[in-house]
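Below is one structure, written out as structure tokens, with a few remarks after it.
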Amino acid sequence: MKILVIGSGGREHTLVWKLKSSPLVTKIYAAPGNAGIGTLADLVDIKADDIKSLAEFAAKNEIDLTVVGPELPLSMGIVDFFEEQGLRILGPTKKAAEIESSKAFAKEFMRTNHIPTASFKVFQDKAEAIDFAQTVAYPVFIKASGLAAGKGAVRADSAEDALETIEQMMGERIFGEAGSRIVIEDCLTGPEVTVMAFTDGKTIIPMLSAQDHKQIYDGGNGPNTGGMGAYCPTRIVNEEMLDTIVRQILEPAVLGLEKEGRRYKGILYAGLMITPVGPKVIEFNCRFGDPETQVVLPLLESDLADIFIAIVDGNLNIVEPVWKEAAAVCVVMTSEGYPGKTIVNRKITGLQSKQDKNTNIFHAATKTDGNDWLTAGGRVLGITAVNKTISEAARSSYATVKKISFDGAHYRKDIAHQALK
Ligand code: AMP
Ligand code: GLY
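For what it's worth, this note's numbering labels the leading residue of the sequence shown as 4, then goes sequentially.
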């Protein structure tokens, strides 16, 4: 089977690495991929949102299955387009992907389907949003409804904060059209966890739970990033909690979408807060998380290609994924300046320092220049180790991190510490 993986980050490197171990897979292409991915797959120089060229490539090269990493092509309708051409692809249709691409839709959908989430109001009129901001109890979260590369959620601690954010999103349009509608919602408290699930629109199979670390600095300080590290599994999502999450959140979401004619096939990502009254949804994503994928897939014993085929063919009910009784930790190394303006093209040393067969260096943004490996973006590498326990996995991961260097390299020193408390 020939597979095309779309995307270029650490998530996609992990997908390619896992698929490569499948006896069903004969060849993998990645578009556009990165230099690390290039050690496992043939790189194709087509951007992730150039849907027409990707479909042409898939048809011409007789790709048996295309796997989409990032949300942008899904929100643009890549699955609809491929299916119209008779090409096999894994992911939700454009209408189903709205669960991520429109927070206004996602929130209304959750209300209709009684899925627990923070109470909220949607606004498309700036004056109305401003009036409302004078009356609410603070803190609240204000979110641009559309895709904003993980930067569209802002906490407001006072009416003054709120007015500034509303002005930026709806007036100045700092997120463009994504801010033409906003959601104002209550602030929830509790630990945050990610539960992703495989689904073919009928059967739902949750993966192991994971925890991301969004802020750039230790202790959860500083601005939000795409994710500075993750670990899997979490203690808080025990069997009982997972059962609650499936029954109250994942099932009503997939079945509710199906009822509305928004068939959901692929990966459904639930970003959750475990509040004192139970799990509530912070956000849904229509794809694998990054860096959660880097810690979840290494613990999957089963053949991922087999699961993907079952999803696309609509018979996920015959698959029973098996997970390793182990733990995984991923520490992300970033470039100087990230998450602001980043400095790239720095030479990376120590990439050959891999500790053992249970440690993987997943590349998020690298390129080569002759024999040199260079940084090529904000998040550069995700060093992922699998071991018996979280603390041993963290130790293995950091042991490798310490051997890798580039000028201005930054990483959090407290990934998974919360799990060890
Ligand atoms: P989002 O872009 O919706 O994923 O939000 C980004 C981050 O903001 C989340 O990962 C949470 O840490 C935080 N957040 C978002 N909404 C809420 C909320 N209603 N209550 C508390 N924290 C939130
Ligand atoms: N790790 C958060 C995300 O993938 O959106």
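All residues carry an ideal CB built from backbone N, CA and C; glycine is no exception.
Values in this document were obtained by computation on a predicted structure and should not be read as measured data.
Exercise. Nearest CA to the CA of Val-71: which residue from Gly-36, Cys-235, Leu-191, Leu-245?
Worked result: That would be Gly-36, whose Cα lies nearest to the Cα of Val-71.
For this session: Using only alpha-carbon positions, find the residue among Leu-384, Ala-165, Ile-346 that is nearest to Thr-362.
Result: The shortest C-alpha separation from Thr-362 is found at Leu-384.
Exercise. According to the Cβ coordinates, are Thr-392 and Ser-400 closer than 8 Å?
Worked result: In this structure, Ser-400 does not lie closer than 8 Å to Thr-392 by Cβ.
For this session: Flag this pair as yes or no: are the beta carbons of Lys-110 and Thr-120 separated by less than 8 Å?
Result: At a Cβ-Cβ threshold of 8 Å, Lys-110 and Thr-120 count as neighbours.
Exercise. Can at least three beta-carbon pairs, one atom from the stretch 290-310 and one from the stretch 4-18, be found at a separation below 8 Å?
Worked result: Contact between the stretch 290-310 and the stretch 4-18 is present, with at least three C-beta pairs closer than 8 Å.
For this session: Indicate, with yes or no, if the ligand GLY has a heavy atom lying under 7 Å from the CB of Gly-12.
Result: No - the ligand GLY has no heavy atom lying nearer than 7 Å to the Cβ of Gly-12.
For this session: Go to Leu-218, then tell me how far its beta strand (DSSP E) extends in each direction, as first and last residue.
Result: For the record, residue 218 in the displayed sequence is Gln; it is not Leu. Run containing Gln-218: 218-220, per the beta strand (DSSP E) assignment.
For this session: Since I believe Ala-58 is in contact with Ile-9 (beta carbons under 8 Å), could you give me their beta-carbon distance rounded to a whole number of angstroms?
Result: The beta-carbon distance between Ile-9 and Ala-58, rounded to whole angstroms, is 11 Å. This is too long to meet the 8 Å contact definition.
Exercise. Is any heavy atom of the ligand GLY found at a distance shorter than 7 Å from the C-beta of Pro-294?
Worked result: Annotation for Pro-294 indicates a beta carbon within 7 Å of some heavy atom of the ligand GLY.
Exercise. Would you report the Cα separation of Pro-324 and Ser-305, rounded to the nearest angstrom?
Worked result: Rounded to the nearest angstrom, the gap between the Cα atoms of Pro-324 and Ser-305 is 6 Å.
For this session: Note down, in chain order, each residue of its chain lying with its Cβ closer than 8 Å to the Cβ of Val-47, except the 5 sequence neighbours on either side.
Result: Cβ neighbours of Val-47 beyond the five flanking positions: Leu-7, Tyr-32, Ala-33, Ala-34, Pro-35, Gly-36, Phe-60.
Exercise. The alpha helix (DSSP H) spanning Gly-13 covers which residue range?
Worked result: Element bounds for Gly-13: 13-23.
Exercise. Do you know offhand how far Ile-314's Cα is from Glu-295's?
Worked result: Each residue's Cα considered, the two are about 20 Å apart.
Problem set entry | Closest Cα partner of Lys-217 within the set Gly-232, Leu-211, Ile-208 | For Lys-217, the closest alpha carbon among the candidates Gly-232, Leu-211, Ile-208 is that of Gly-232.
Exercise. When the Cα of Leu-68 is compared with those of Leu-75, Val-82, Glu-74, Pro-76, which residue comes out closest?
Worked result: Of the candidates Leu-75, Val-82, Glu-74, Pro-76, Val-82 places its Cα closest to the Cα of Leu-68.
Exercise. Can you tell me the Cα-Cα spacing of Gly-381 and Pro-279, whole angstroms?
Worked result: The alpha-carbon atoms of Gly-381 and Pro-279 are separated by roughly 35 Å.
Problem set entry | Beta-carbon proximity check, Val-186 vs Ala-107, cutoff 8 Å | For Val-186 and Ala-107, yes; Cβs fall inside 8 Å.
Problem set entry | Burial state of Ser-338, where buried means 16 or more other Cβ atoms lie within 10 Å | Under this definition Ser-338 is a buried residue.
Problem set entry | Residue interval of the alpha helix (DSSP H) (run including Leu-245) | For Leu-245, the enclosing alpha helix (DSSP H) covers residues 242-248.
Exercise. Cα-Cα, which of Trp-326, Lys-344, Pro-282, Leu-319 is closest to Pro-301?
Worked result: For the options Trp-326, Lys-344, Pro-282, Leu-319, the alpha carbon positioned closest to that of Pro-301 is the one of Trp-326.
For this session: Using beta-carbon positions only, say whether Glu-253 and Leu-271 come within less than 8 Å of one another.
Result: The sequence given here has Leu at residue 253, not Glu. In this structure, Leu-271 lies closer than 8 Å to Leu-253 by Cβ.
For this session: Thinking Val-257 and Ile-207 are a contact (beta carbons under 8 Å), I'd like their distance in whole angstroms, please.
Result: Right, the Cβ-Cβ distance comes to about 6 Å (below 8 Å), so this counts as a contact.
Exercise. In terms of alpha-carbon separation, which member of Asp-53, Gln-88, Leu-22, Glu-65 lies closest to Pro-76?
Worked result: By alpha-carbon distance to Pro-76, the top candidate from Asp-53, Gln-88, Leu-22, Glu-65 is Asp-53.
For this session: Alpha carbon to alpha carbon, how far is Leu-150 from Asp-78? Give it in angstroms, no decimals.
Result: The sequence given here has Ser at residue 78, not Asp. Each residue's alpha carbon lies about 9 Å from the other.
Exercise. Of the residues His-366, Gly-269, Leu-260, Ala-329, which one's Cα is nearest the Cα of Ala-200?
Worked result: Out of His-366, Gly-269, Leu-260, Ala-329, Gly-269 has the C-alpha closest to the C-alpha of Ala-200.
For this session: With a threshold of 7 Å, establish whether the CB of Ile-285 neighbours any heavy atom of the ligand AMP.
Result: Yes, since a heavy atom of the ligand AMP falls inside the 7 Å radius drawn around the Cβ of Ile-285.
Problem set entry | Test item: CB-CB of Leu-245 and Pro-209 under 8 Å | Here Leu-245 is near Pro-209, since their CB atoms are less than 8 Å apart.
For this session: Could you check if Pro-236 is buried or exposed, using at least 16 other CB atoms within 10 Å of its CB as the buried criterion?
Result: Its Cβ being crowded by 16 or more others within 10 Å, Pro-236 is buried.
Exercise. Which stretch, first to last residue, makes up the beta strand (DSSP E) that contains Tyr-234?
Worked result: From DSSP, the beta strand (DSSP E) with Tyr-234 extends over 232-235.
Problem set entry | Per DSSP, the bridge partner or partners of Glu-286 | Looking at the DSSP output, Glu-286 shares a beta bridge with Gly-274.
For this session: Compare the beta carbon distance of Met-336 and Ala-419 with 8 Å and say whether it is the shorter of the two.
Result: Against a cut-off of 8 Å, the Cβ pair of Ala-419 and Met-336 comes out as no contact.
Problem set entry | Start-to-end residues for the alpha helix (DSSP H) that takes in Leu-191 | Where Leu-191 is concerned, there is no enclosing alpha helix (DSSP H), given that its DSSP letter is neither H nor E.
Exercise. Do the CB positions of Ala-367 and Gly-13 come within less than 8 Å of each other?
Worked result: Yes; because the gap between Cβ atoms is below 8 Å, this pair is in contact.
For this session: Just the C-alpha distance for Glu-188 and Ala-165, rounded to the nearest angstrom, thanks.
Result: The alpha-carbon atoms of Glu-188 and Ala-165 are separated by roughly 11 Å.
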